[in-house]
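S.K.: Mind having a look at this structure? Questions to follow.
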Amino acid sequence: MATAGAALRPLRQIVWLLTAVSGTLLLGALGFQHLGGLSPCEMCQWQRWAHLAVLALGGLALLAPRLWPLPLFAMLVASGLGLFHAGVEQKWWQGPTQCAAGFSAGDDLLGSILAAPLVRCDQIPWSFLGLSMAGWNALISATALVAALAIWRRA
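So that you can map any letter, position 99 of the sequence shown is 99 in our numbering, and since no number is skipped, the others follow by simple counting.
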């Protein structure tokens, strides 16, 4: 007979897998931004928020194992956002009408707007093996989901 700890092991593996993948993708995105000089567009920011949700919900799921599906759903959102963004870049469908750059409430609004880099969501600033960063995000996130489901099914 399996113990409760043994029954939770696959769920913890899933949570660790998803948080590791999201953390790695976030670090990569920040590296491209701060070391590579590639400013994120609005849709890139959406993907980052989804991966931050995976990290936060993964932390909660490690404390309360019954919450293990939450990071799975957040990773599904991250993958979907990456796919949507990659489709916008490839002109398969229309994206948001404008990409926004952030500014602080204390900043001069016009100065902030003029100084902020204009990053279009429908342009591909970097690609590798024919996939943009959004495409890689979608592919890696979806692969993590498939691996998580394989762990769950094997359990």
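We put the CB at the ideal spot given by N, CA and C, even for glycine.
Where does SER39 fall in DSSP's three states?
M.R.: In the structure shown, SER39 sits in coil (DSSP, three-state: anything other than H, G, I, E or B).
S.K.: Using a threshold of 8 Å, state whether the C-beta atoms of LEU81 and PRO71 are closer than that.
M.R.: No, Cβ-Cβ distance for LEU81 and PRO71 is not below 8 Å.
S.K.: Of all the options TRP152, ARG153, LEU145, which has the alpha carbon lying nearest to the alpha carbon of ARG21?
M.R.: Rather than Arg, the amino acid found at residue 21 in this sequence is Val. The residue with the shortest Cα to Cα distance from VAL21 is LEU145.
S.K.: Does the beta-carbon of SER127 have 16 or more other beta-carbons within 10 angstroms, so that it is buried, or is it exposed?
M.R.: By the 10 Å Cβ count, SER127 comes out exposed.
S.K.: As a quick exercise: from ARG12, HIS34, VAL77, pick the residue whose alpha carbon is nearest that of ALA138.
M.R.: ALA138 has its Cα closest to that of VAL77, out of ARG12, HIS34, VAL77.
S.K.: State the beta-bridge partners of PHE128 as determined by DSSP.
M.R.: Answer is LEU131.
S.K.: Would you give the residue range spanned by the alpha helix (DSSP H) that ALA86 belongs to?
M.R.: Unbroken alpha helix (DSSP H) run through ALA86: 69-89.
S.K.: Hey, PHE32 and LEU38: beta-carbon distance below 8 Å or not?
M.R.: In this structure, LEU38 lies closer than 8 Å to PHE32 by Cβ.
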